[in-house]
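Working notes, structure below.
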Amino acid sequence: MSLINKSLEQIRQHWQGLNGSQRILFAAIAAVTIAGISAIGWWSSRPEYIPLANNLSPTRMSEIKTALDAKGIDNKMNFSGEGILVPSGKWNEAKLLLGDEDGTPPATNSQIPGIMDPKTAEARIQQEKERAVEATLRRFRAIESASVQIAAPESSPFLVERKPTTASVVLAIRKGHNFTNEQAAGVASVVSRSVTGLVPENVTVSDTEGRIYGGGIGASTAIIDHQFDYRRRLEADLAGKAETMLANYLGYDKATVTVSADIDFTETTRVDLKYDPSGKVKAKETIKNMKTTGAQAIAQGVAGVATNVTPAAQGGNGAAAPQSTTDETIEAEFLNAKTEDTVRIAGGKILRLTVAAIIDPGVDAAADPQAAGAAGQPAGAAAQPAIDEAKVQSIIEQAVGFDADRGDKIEVLFAKLAGIEPLDIPVAAPQYWNTILTVIENASLGIAAIVAFLLGMKVIKTIKPIEVEGRRSSESSGGRDHILAELSQQAKENPELVSNILSSWLNSEAQADSPAEQPNLKVVRPAA
Numbered sequence: 002m003s004l005i006n007k008s009l010e011q012i013r014q015h016w017q018g019l020n021g022s023q024r025i026l027f028a029a030i031a032a033v034t035i036a037g038i039s040a041i042g043w044w045s046s047r048p049e050y051i052p053l054a055n056n057l058s059p060t061r062m063s064e065i066k067t068a069l070d071a072k073g074i075d076n077k078m079n080f081s082g083e084g085i086l087v088p089s090g091k092w093n094e095a096k097l098l099l100g101d102e103d104g105t106p107p108a109t110n111s112q113i114p115g116i117m118d119p120k121t122a123e124a125r126i127q128q129e130k131e132r133a134v135e136a137t138l139r140r141f142r143a144i145e146s147a148s149v150q151i152a153a154p155e156s157s158p159f160l161v162e163r164k165p166t167t168a169s170v171v172l173a174i175r176k177g178h179n180f181t182n183e184q185a186a187g188v189a190s191v192v193s194r195s196v197t198g199l200v201p202e203n204v205t206v207s208d209t210e211g212r213i214y215g216g217g218i219g220a221s222t223a224i225i226d227h228q229f230d231y232r233r234r235l236e237a238d239l240a241g242k243a244e245t246m247l248a249n250y251l252g253y254d255k256a257t258v259t260v261s262a263d264i265d266f267t268e269t270t271r272v273d274l275k276y277d278p279s280g281k282v283k284a285k286e287t288i289k290n291m292k293t294t295g296a297q298a299i300a301q302g303v304a305g306v307a308t309n310v311t312p313a314a315q316g317g318n319g320a321a322a323p324q325s326t327t328d329e330t331i332e333a334e335f336l337n338a339k340t341e342d343t344v345r346i347a348g349g350k351i352l353r354l355t356v357a358a359i360i361d362p363g364v365d366a367a368a369d370p371q372a373a374g375a376a377g378q379p380a381g382a383a384a385q386p387a388i389d390e391a392k393v394q395s396i397i398e399q400a401v402g403f404d405a406d407r408g409d410k411i412e413v414l415f416a417k418l419a420g421i422e423p424l425d426i427p428v429a430a431p432q433y434w435n436t437i438l439t440v441i442e443n444a445s446l447g448i449a450a451i452v453a454f455l456l457g458m459k460v461i462k463t464i465k466p467i468e469v470e471g472r473r474s475s476e477s478s479g480g481r482d483h484i485l486a487e488l489s490q491q492a493k494e495n496p497e498l499v500s501n502i503l504s505s506w507l508n509s510e511a512q513a514d515s516p517a518e519q520p521n522l523k524v525v526r527p528a529a
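Residues in the sequence shown are numbered from 2 upward in steps of one, following our numbering.
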């Protein structure tokens, strides 16, 4: 305790000996040192967070966070927002709470297939199937997460009561990806082939924004979207061809072309049936012949069995009637040769094209009015334009497939293009800068601690060491004892020399003014 008090007293004396600027510097160094030590202590005491579950949907993540908060386990999301991190010391407890890696709760006794009823087992199997389909859909590059709901009706022995199996899929599209109808058709195909009795027409695919891509009530909307995409791609392709040709002829950024297309999406199926009279084919033939000849005996005699079986009865007086029957039927059916052609005409036929183009002649009317006027004159004038208008229009017509019989129209305007002013959009910092800044922040704490340590050492060096009185007195007493022991030994061996030394000590005050006259005294220690 006395050492602490003396240290504080020495620091107070050192503080009083400093001027104003030195006190400010000393206080700043002390504050930085304390802050650095506190920051390092706080940083080192923070728990280390490790991943618990990854690739989670927003709904599942909310459920997991609620379960962890209820158990009092600290948690936070990772940088991508798709996973949950927990302290390393709580990871085992959180893992037991959530179950597998995807955050699925562990199975309870009621969920064990061996002891649950058939309906519960069927529902459990359906949930597992939905989860497996969701995991498959997450492998799509444009899909961040998926939620699948399968509606399987109960089986019935009656056909009128049977209902088809349906499914609905809700997708979370990744940022920067465009989800098309073709991809939605692929999703519907994957889901339908994963469930028994499910067809793609009964699968509804939608996203988190509420847009329906196909199936169910959104089938007509999907068809319209497909038609719009086809028209947009066709117009962009034709305009791109024309602009590419003009860029090779006029130069880059000298022309702009816009194409509008009227398209017939009506699908037509035509059946042509043709007969060839010259070619006949027997389709059916019926032949029936019947012929009866000879006489038939007339029934006579007493009724009974004896009359019919005895020769006498057969050879009686009855007369035989003559009989002759002929019946022949021949029927043949022939078909003429027939040719049946079924033609299906898909939609997408171009009915008419409307093309508009603006060509930059390369002449500024304000700078050169004469040249600008010459550029607008027809080709037959004396001053030929810098650009052949007929050739430019011909290039555009050939590029877009112009057809006058179809009613296509084209309009070409020669004028100076105003251009587009560049937008002053701030460039976002790259993502890796966040990592670099984090490293710099962590390194700055260590640098601050090192600087504070060096400054503290510099201040400590200026402080005088504290001398302990007990140690000083012990050292001085030990020195006297040693000198007395030496004098005693010398007095025993050389009493005359010791007497001279003592006399010189007594006369030292008188001879202080003439140190040169003092005798040269030397203590001679005996050899061991």
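Note that beta-carbon positions come from the ideal geometry of N, C-alpha and C, so glycine has one too.
Within its chain, find whatever has a CB closer than 6 Å to the CB of residue i; leave out the 5 residues flanking it on each side and keep chain order.
{"i": "Gln-394", "result": "Val-413"}
{"i": "Lys-285", "result": "Glu-334"}
{"i": "Ser-89", "result": "Glu-49 and Ile-51"}
{"i": "Pro-165", "result": "Asn-203"}
{"i": "Asp-263", "result": "Leu-352 and Arg-353"}
Could you tell me which residues DSSP pairs with residue i in its beta bridges?
{"i": "Arg-353", "result": "Asp-263"}
{"i": "Ala-333", "result": "Glu-286"}
{"i": "Ala-31", "result": "Paired residues: none, contrary to the question."}
{"i": "Ala-168", "result": "Ile-151 and Val-204"}
{"i": "Val-272", "result": "Thr-343"}
{"i": "Ile-174", "result": "Ile-144"}
{"i": "Lys-292", "result": "Thr-327"}
Nearest to residue i by CA position, among the options, is which residue?
{"i": "Lys-339", "options": "Asp-273, Val-401 and Leu-354", "result": "Asp-273"}
{"i": "Ala-419", "options": "Gly-363, Ala-444 and Glu-442", "result": "Gly-363"}
{"i": "Val-206", "options": "Ser-81, Val-170 and Phe-454", "result": "Val-170"}
{"i": "Ala-329", "options": "Ile-288, Gln-228 and Ala-262", "result": "Strictly speaking, residue 329 in this sequence is Glu, with Ala absent from that position. If we check each option's Cα against that of Glu-329, Ile-288 comes out closest."}
{"i": "Ala-40", "options": "Asn-508, Ser-504 and Ala-449", "result": "Ala-449"}
{"i": "Glu-236", "options": "Ala-400, Ala-173, Arg-13 and Ile-74", "result": "Ala-400"}
{"i": "Glu-268", "options": "Ser-81, Lys-7, Lys-350 and Ala-173", "result": "Lys-350"}
{"i": "Lys-281", "options": "Ser-261, Leu-26, Ala-492 and Asn-337", "result": "Asn-337"}
{"i": "Pro-59", "options": "Leu-507, Ser-504, Leu-172 and Thr-293", "result": "Leu-172"}
{"i": "Gly-408", "options": "Ile-360, Ser-504, Val-499 and Ser-261", "result": "Ser-261"}
{"i": "Ala-416", "options": "Leu-455, Asp-230 and Ile-360", "result": "Ile-360"}
{"i": "Leu-1", "options": "Leu-485, Ile-30, Ile-437 and His-15", "result": "Nothing about residue 1 can be reported from this structure: the residues present for the chain run from 2 to 529 only."}
{"i": "Gln-23", "options": "Val-460, Glu-94 and Phe-80", "result": "Val-460"}
{"i": "Ala-133", "options": "Leu-99, Ser-156, Asp-75 and Ser-195", "result": "Ser-195"}
{"i": "Leu-239", "options": "Ser-505, Val-356 and Ala-28", "result": "Val-356"}
{"i": "Ala-243", "options": "Gln-128, Arg-234, Gly-252 and Thr-257", "result": "Thr-257"}
{"i": "Val-188", "options": "Gly-252, Tyr-253, Glu-135 and Gln-127", "result": "Glu-135"}
{"i": "Glu-155", "options": "Gln-127, Arg-47 and Lys-255", "result": "Gln-127"}
At the level of alpha carbons, what is the spacing between residue i and residue j?
{"i": "Gly-241", "j": "Lys-91", "result": "60 Å"}
{"i": "Ser-148", "j": "Asn-56", "result": "13 Å"}
{"i": "Ile-144", "j": "Thr-137", "result": "10 Å"}
{"i": "Ile-346", "j": "Lys-77", "result": "58 Å"}
{"i": "Met-291", "j": "Ile-331", "result": "12 Å"}
{"i": "Ala-124", "j": "Gly-82", "result": "31 Å"}
{"i": "Glu-163", "j": "Leu-69", "result": "For the record, residue 163 in the displayed sequence is Arg; it is not Glu. Approximately 44 Å, taken between the alpha carbons."}
{"i": "Phe-403", "j": "Leu-354", "result": "7 Å"}
{"i": "Ile-451", "j": "Gly-457", "result": "10 Å"}
{"i": "Leu-247", "j": "Tyr-276", "result": "54 Å"}
{"i": "Thr-259", "j": "Ala-358", "result": "6 Å"}
{"i": "Pro-201", "j": "Glu-183", "result": "13 Å"}
{"i": "Leu-86", "j": "Glu-442", "result": "21 Å"}
{"i": "Trp-506", "j": "Glu-487", "result": "16 Å"}
{"i": "Ser-193", "j": "Glu-129", "result": "16 Å"}
{"i": "Ile-25", "j": "Asn-6", "result": "24 Å"}
{"i": "Asn-79", "j": "Leu-19", "result": "51 Å"}
{"i": "Ala-36", "j": "Lys-176", "result": "42 Å"}
My understanding is that residue i touches residue j, with C-beta atoms under 8 Å, so please give their C-beta distance in whole angstroms.
{"i": "Val-191", "j": "Ala-168", "result": "About 11 Å; that fails the 8 Å criterion."}
{"i": "Gly-84", "j": "Ala-54", "result": "6 Å"}
{"i": "Asp-226", "j": "Phe-180", "result": "Contact flag wrong, Cβ pair sits at about 11 Å."}
{"i": "Thr-293", "j": "Thr-270", "result": "The Cβ separation is near 59 Å, so there is no contact."}
{"i": "Glu-398", "j": "Ile-388", "result": "16 Å between Cβ atoms; not a contact."}
{"i": "Arg-140", "j": "Ser-146", "result": "Between Ser-146 and Arg-140 the Cβ distance is about 12 Å, and since that is not below 8 Å, they are no contact."}
{"i": "Ala-453", "j": "Thr-34", "result": "4 Å"}
{"i": "Leu-498", "j": "Gln-490", "result": "That pair is no contact at about 12 Å."}
{"i": "Ile-65", "j": "Leu-99", "result": "6 Å"}
Using a Cβ-Cβ cutoff of less than 8 Å, which residues in the same chain neighbour residue i once the five nearest sequence positions on both sides are dropped?
{"i": "Glu-131", "result": "Val-149, Gln-150 and Ile-151"}
{"i": "His-178", "result": "Arg-142 and Ala-143"}
{"i": "Gly-198", "result": "Ala-153, Pro-165 and Thr-166"}
Counting only the same chain and skipping the five closest in sequence on each side, list residues whose C-beta sits under 7 Å from that of residue i.
{"i": "Ile-396", "result": "Met-246, Leu-247 and Tyr-250"}
{"i": "Asp-265", "result": "Gly-348, Lys-350 and Leu-352"}
{"i": "Ala-32", "result": "none"}
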